[in-house]
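> My questions all concern the structure below.
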């Protein structure tokens, strides 16, 4: 299998000058193409920080992150924005859709930034919203959708750019059981059928149960990394 | 898509957008009205000065300007009149004999400028016949020595119709002479300075009393169009001996008129800057609120790959759109207001006493050039962009990871 993400000796210290807080204390992690991985651990264990660093949203104090063998730690801010646009999909806990755009336009947005043609955009939007079960709601704006539906649009948006992997930070934290189950079904299906790599942080046992691989963080360090036989 | 997002964003908070648009509308409207009002004000002042006193062009002996002595007269007046009558641009002209003298009454005396005029020609150029509020204008039936004084001067000197006054002035040979005149009419021009100083008598009376005929000190021209002033002035200067004839336009004759006209453009720019400054701070405040409220959303946009220049453009575009909607409304309101007051005028009669002292009439007709509307549009566009710059910079300085965390 191909290694998509390689995290090497990542350390992250906040307030290094005054009262240092060590969010990550030397993390090594390798994610292969097609893996469905849950990053678990108590609050403050460093899950979100690690996801942000892998996603190029935050810089590590030490260590490096290689995406498809490219060291993103060396990229400038504007290069990182372009890199994220082309290679990384994001799903946020609070959905973070653009409120003034419809579901279709939200999914289309990243492809527009990539300069994709109208035909290509239309086809992909149709496929993706179909895959997340929202073919009927494409013209609705986020405030006309339930939380679960909004998060499914967010998943479709994350996949629109054909990223190398999708990072999801607590994607089910704001969802009820039914919506959580639906979302996990969709993510697992995309992972299984289209070999899409998912890395998500979660507290939610229902999500952890569905992961194929469970990486546990505590106090900024990985304390276990195991395969989950019953996942997905 | 950026345009679409920007357009929809401005309707997210309708109250806020309407507040910005309202301030732009009021700013543009008040600016166009104020500019038109001041332009009308100046125009009225200049027109009044041209009509009552200056005309468009005047010819004098070059030394008359320095010392208003009677010997500094226009010598070959027939030749000059011939030139003037040959010009198509000339609407009317008149010649005047001028003499500084003393007007004495039973109760007091006062220094005046005696204007010896040709009644018909004077009426054609200054409408003096229509400015008689009491009594009559000169006509052929009157006997010797009729005089017109202003109503204002008459009140000051306690004079009325048929009162006798004595004028004392210099003759052509330098000797002083006095003669009694009877008031046949009181005139009113609305310009207090002019009214306090000038009395009108017939040229024939003045010439006779001065002991010489056709002693002309001034030739005043009224043109069909203001645009023809430069060419006419140039023509008359070229065709006359500059040591004998000085040709001046109204701005040269009266520097205060020139000052008013030139200061108008300065005042225009100052007003634009003041109103636009107030507008800039309003826009900065509102757009900054819009940016701060959307911190998380802007962070997300940058997280998913929208580069900073596009975020910057989006914020600028939102502000420009608000301006593009509001400015034309303000301009239309301004245009309608100016059209209304341009036809009916603004009655400032309650302040007219003070205004007349400055030679201003009490009704101001608003008046604005098309170019000034364009100037306002450009000023609003620049204001909108300047007002949006700080919020837009604030937006692109956000760090996605911190912005997304904001609740």
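Residue numbers (this note's numbering), protein chains in the order written: chain D, -6 to 225; chain E, 3 to 409.
Ideal Cβ positions, reconstructed from N, Cα and C, are used throughout, including at glycine.
1. Closer than 7 Å by beta-carbon distance: list the chain E residues that pair up with residue 115 of chain D, in chain order.
2. Which word fits residue 402 of chain E, buried or exposed, when buried means at least 16 other C-beta atoms lie within 10 angstroms of its C-beta?
3. Strictly under 8 Å for the Cβ-Cβ distance: is residue 340 of chain E near chain D by that measure?
4. Tell me the rounded alpha-carbon separation between residue 169 of chain E and residue 181 of chain E.
5. Taking just the CA atoms, how far does residue 391 of chain E sit from residue 409 of chain E?
6. Once DSSP output is grouped into helix, strand and coil, what is the label at residue 148 of chain E?
7. May I ask you to list, following chain order, the residues of the stretch 97 to 108 of chain D that have a beta carbon less than 9 Å from some beta carbon of chain E?
8. So, residue 103 of chain D versus residue 78 of chain D, is the Cβ gap smaller than 8 Å?
9. Are the CB atoms of residue 85 of chain E and residue 238 of chain E within a distance shorter than 8 Å?
10. Measure the alpha-carbon distance for residue 311 of chain E versus residue 235 of chain E and round it to whole angstroms.
11. Taking the alpha-carbon positions, what's the residue 112 of chain D to residue 181 of chain D distance?
12. From residue 192 of chain E to residue 146 of chain E, what distance separates their C-alpha atoms?
13. Scan the stretch 230 to 276 of chain E and note each continuous alpha helix (DSSP H) run of 4 residues or more that stays entirely inside, going in chain order.
14. Please identify the residue among E:91, E:308 and E:347 whose C-alpha is closest to the C-alpha of residue 227 of chain E.
15. So is residue 18 of chain E in contact with chain D if we call contact Cβ pairs under 8 Å?
16. Please state the DSSP three-state secondary structure of residue 80 of chain D.
17. Just reading off the beta strand (DSSP E) that residue 193 of chain D is part of, what are its end residues?
18. Cβ atoms of residue 5 of chain D and residue 25 of chain D: under 8 Å apart, would you say?
19. 8 Å is my cut-off, CB to CB: does residue 61 of chain D come that close to chain E?
20. Does any C-beta atom of chain E lie closer than 8 Å to the C-beta of residue 120 of chain D?
21. Is there contact between the stretch 49 to 66 of chain D and the stretch -1 to 15 of chain D, where contact requires at least three CB pairs shorter than 8 Å?
22. Residue 56 of chain E and residue 127 of chain E: beta carbons closer than 8 Å?
23. Pop quiz: residue 99 of chain E and residue 172 of chain E are said to be a contact at Cβ under 8 Å. What is the actual Cβ separation, rounded to whole angstroms?
24. Tell me, which residues are paired with residue 316 of chain E by DSSP?
25. Below 8 Å on the Cβ atoms is my guess for residue 221 of chain E versus residue 97 of chain E; work out the distance and round it to an integer in Å.
26. Just to check my reading of the structure: residue 96 of chain D and residue 131 of chain D have Cβ atoms closer than 8 Å, yes? What is that Cβ distance to the nearest angstrom?
27. First and last residue of the alpha helix (DSSP H) that includes residue 299 of chain E?
28. Going by beta-carbon coordinates alone, are residue 462 of chain E and residue 61 of chain E separated by less than 8 Å?
29. Using a Cβ-Cβ cut-off of less than 8 Å, list which residues of the stretch 288 to 317 of chain E approach chain D; keep chain order.
30. Taking three-plus beta-carbon pairs below 8 Å as touching, is the stretch 161 to 175 of chain D in contact with the stretch 194 to 206 of chain D?
31. Taking 8 Å as the cut-off, decide whether the C-beta atoms of residue 2 of chain E and residue 273 of chain E are in contact.
32. Who are the neighbours of residue 93 of chain D on chain E, taking C-beta pairs under 7 Å?
33. Do residue 368 of chain E and residue 344 of chain E have their C-beta atoms closer together than 8 Å?
34. Closer than 7 Å, Cβ to Cβ, to anything on chain D: give me those residues from the stretch 385 to 404 of chain E, in chain order.
35. Leaving out five residues on either side along the sequence, give the residues of the same chain with a beta carbon under 6 Å from the beta carbon of residue 307 of chain E.
36. Residue range of the alpha helix (DSSP H) that residue 392 of chain E falls in?
Walking through what the data contain:
1. If you number the first chain from 1, residue 115 of chain D lands on position 122. Under the 7 Å cutoff, chain E gives no residues; its nearest Cβ is about 14 Å from residue 115 of chain D.
2. Within the second chain, the letter at position 400 stands for residue 402 of chain E. Buried, since its Cβ has 16 or more Cβ neighbours within 10 Å.
3. Reading the second chain from its first residue, position 338 is the one you call residue 340 of chain E. Output row for residue 340 of chain E: interface = no.
4. The residue given as residue 169 of chain E occupies position 167 in the second chain. The residue given as residue 181 of chain E occupies position 179 in the second chain. Approximately 5 Å between the Cα atoms of the pair.
5. Taking the second chain and counting its residues from 1, one reaches residue 409 of chain E at position 407. Taking the second chain and counting its residues from 1, one reaches residue 391 of chain E at position 389. Because residue 409 of chain E sits at a pLDDT of 44, beneath the cut-off of 50, its placement in the model cannot be relied upon, and the point is left open.
6. Here residue 148 of chain E refers to the residue found at position 146 of the second chain. Residue 148 of chain E: strand per DSSP, three-state reduction.
7. 98, 101, 102, 103, 105, 106 and 107
8. Translated into the one-based positions of the first chain, residue 103 of chain D becomes position 110. Translated into the one-based positions of the first chain, residue 78 of chain D becomes position 85. Going by C-beta atoms, residue 103 of chain D is nearer than 8 Å to residue 78 of chain D.
9. What you label residue 238 of chain E is simply residue 236 of the second chain in a count that begins at 1. What you label residue 85 of chain E is simply residue 83 of the second chain in a count that begins at 1. Yes, the Cβ-Cβ distance between residue 238 of chain E and residue 85 of chain E is below 8 Å.
10. Residue numbering aside, residue 311 of chain E sits at position 309 when the second chain is read from its first letter. Residue numbering aside, residue 235 of chain E sits at position 233 when the second chain is read from its first letter. In a straight line, the C-alpha of residue 311 of chain E is about 58 Å away from that of residue 235 of chain E.
11. In the first chain, residue 112 of chain D corresponds to position 119, counting from 1. In the first chain, residue 181 of chain D corresponds to position 188, counting from 1. Approximately 28 Å between the Cα atoms of the pair.
12. Sequence index remark: in the second chain, residue 192 of chain E carries index 190 (1-based). Sequence index remark: in the second chain, residue 146 of chain E carries index 144 (1-based). The straight-line gap from Cα to Cα measures roughly 28 Å.
13. 231 to 240 and 252 to 255
14. Position 225 of the second chain holds residue 227 of chain E. If we check each option's Cα against that of residue 227 of chain E, E:91 comes out closest.
15. Translated into positions along the second chain, residue 18 of chain E becomes position 16. Not a single C-beta of chain D is nearer than 8 Å to the C-beta of residue 18 of chain E.
16. One-based indexing of the first chain puts residue 80 of chain D at position 87. In the structure shown, residue 80 of chain D sits in a helix (DSSP, three-state: H, G or I).
17. Position 200 of the first chain, counted from the first residue, corresponds to residue 193 of chain D. From DSSP, the beta strand (DSSP E) with residue 193 of chain D extends over 190 to 195.
18. Along the first chain, read from residue 1 onward, the residue named residue 25 of chain D stands at position 32. Along the first chain, read from residue 1 onward, the residue named residue 5 of chain D stands at position 12. The answer is no: Cβ separation not under 8 Å.
19. Counting from 1 along the first chain, the entry for residue 61 of chain D is found at position 68. Cβ-Cβ to chain E under 8 Å: no for residue 61 of chain D.
20. As a working note, residue 120 of chain D is residue 127 in the first chain. It does not: the Cβ of residue 120 of chain D has no partner Cβ on chain E nearer than 8 Å.
21. Touching, yes, given that three or more Cβ pairs across the two stretches are closer than 8 Å.
22. Here residue 56 of chain E is taken as the residue at index 54 of the second chain, counted from 1. Here residue 127 of chain E is taken as the residue at index 125 of the second chain, counted from 1. Contact: no.
23. Within the second chain, numbered from 1, the residue matching residue 99 of chain E stands at position 97. Within the second chain, numbered from 1, the residue matching residue 172 of chain E stands at position 170. With a Cβ gap of about 12 Å, residue 99 of chain E and residue 172 of chain E do not count as contacting.
24. Here residue 316 of chain E refers to the residue found at position 314 when the second chain is read from its first residue. Answer is none; residue 316 of chain E lacks a bridge partner.
25. What you label residue 221 of chain E is simply residue 219 of the second chain in a count that begins at 1. What you label residue 97 of chain E is simply residue 95 of the second chain in a count that begins at 1. The Cβ separation is near 5 Å, so the contact holds.
26. Taking the first residue of the first chain as position 1, residue 96 of chain D is located at position 103. Taking the first residue of the first chain as position 1, residue 131 of chain D is located at position 138. Sure, about 5 Å apart at Cβ, within 8 Å.
27. Start at 1 with the first residue of the second chain, and residue 299 of chain E comes out as number 297. First-last of the alpha helix (DSSP H) with residue 299 of chain E: 297 to 305.
28. This structure does not reach residue 462 of chain E, given that chain E is present from 3 up to 409, and the question cannot be answered.
29. 298, 299, 302, 303, 304, 305, 306, 307, 308, 309, 310 and 312
30. Touching, per the Cβ criterion.
31. Here chain E covers residues 3 to 409 and nothing more, so residue 2 of chain E does not appear.
32. Working through the first chain from its first residue, we reach residue 93 of chain D at position 100. Residues of chain E passing the Cβ test: 7, 10, 11 and 14.
33. If you number the second chain from 1, residue 368 of chain E lands on position 366. If you number the second chain from 1, residue 344 of chain E lands on position 342. At a Cβ-Cβ threshold of 8 Å, residue 368 of chain E and residue 344 of chain E count as neighbours.
34. 402 and 403
35. In the second chain, residue 307 of chain E corresponds to position 305, counting from 1. Here the set comprises nothing.
36. Within the second chain, the letter at position 390 stands for residue 392 of chain E. Start and end: 372 to 398.
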